[in-house]
Ligand code: 5RP
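In this note's numbering, the protein residues as written are 6 to 296.
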């Protein structure tokens, strides 16, 4: 029994203030469970509603691509400047220090590589995901690809079932089917399929035309991939235009870790995503940055 000496009677009932209902800041995620909302709030900054995710999961399909030969040397120094790290479980366990405090969006499917037929994947065991204390699971969905559409959609459905069961949000990643045009029409369908199957947020590619329609029709937040390496000013412009069109952030890889100045890129992207900096100023910031 607790010591009752000096016990103070409860009195601060706040009669003048009704208990607040906490509405949730992220589009389409108002009605999720507490665990999912709490994890999403680790990935997305509740003040801006946006996120800068750093993607380094490429090795699971590409092997040691340029910039990721030594993840400990190239990525670890950048982690503190990202809101969230996206990687595979192999890299997480072998290279990422468990003492780091950033949320992890775990690439949670794997299977075929660039050497054969992409996206014939199966998903990780959710118990293993839970052991790694991750904040989200990322699963690829390849709409329109005859060989892998069904299996990847099933992977998403299964992962969302597991995510809802254990309070872990799911990132649906739109992999473009081989014969599909990378245009807004395709990405409207692909992002919507991810959201309709329960993804809590969706990763997709920016399109020069009509990206605002992709964002508008997707009922959950969209983050964009950077895609192949571009000159830095173009990559920053892509991030800026995506944000202007309503994206909730980026999940970029190659345009950061293959840049001449990865840390400067991280900081310039951060300024675009969280401080509404335009791409011209962000490029100046990148050029001026000494590190
Ligand atoms: C594809 C992914 C990759 O992580 C992503 O595309 C990497 O980002 P970038 O295109 O910016 O290098 O999710 O499965």
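Note that the Cβ used here is the ideal one computed from N, Cα and C, for glycine as well. Since we're looking at a predicted model, the values are computed, not measured.
Not a single heavy atom of the ligand 5RP lies less than 7 Å from the C-beta of residue 279. Distance from the CA of residue 232 to the CA of residue 20, rounded to the nearest whole angstrom, comes to 54 Å. Distance from the Cα of residue 84 is smallest, within the candidate group 35, 269, 252, for 269.
For residue 157, the uninterrupted alpha helix (DSSP H) run begins and ends at 154–171, by DSSP. Contact between residue 137 and residue 175 does not hold, since their C-beta atoms are separated by about 15 Å, which reaches or exceeds 8 Å.
Exclusion of residue 126 from the 7 Å shell around the ligand 5RP follows from its C-beta lying no nearer than that to any non-hydrogen atom of the ligand.
Using a 10 angstroms sphere on the CB of residue 204, the tally of other CB atoms reaches 16 or more, which defines it as buried.
Taking 3 residues as the shortest admissible run, the region 75–119 contains the following complete beta strand (DSSP E) segments, listed from N- to C-terminal end: 89–92, 109–112.
Distance between residue 100 and residue 77, taken at the CA atoms: about 6 Å. Distance between residue 40 and residue 49, taken at the CA atoms: about 14 Å.
Following the DSSP letters along the chain, one finds residue 176 inside the beta strand (DSSP E) bounded by residues 175–179. A direct Cα-Cα distance of roughly 8 Å separates residue 215 from residue 188.
Here the C-alpha atom of residue 279 lies approximately 30 Å from the C-alpha atom of residue 114.
Counting only residues of its own chain and dropping the five nearest sequence neighbours on each side, residue 212 has a CB closer than 8 Å to the CB of 187, 188, 189, 192, 219. According to the DSSP assignment, residue 254 belongs to the beta strand (DSSP E) that extends over 254–257. Collapsing the DSSP output to three states places residue 291 in a helix.
Three or more beta-carbon pairs drawn from the region 115–124 and the region 142–159 are found closer than 8 Å, and the two stretches are therefore classed as touching. Residue state for residue 245 is assigned as helix, using DSSP reduced to three classes.
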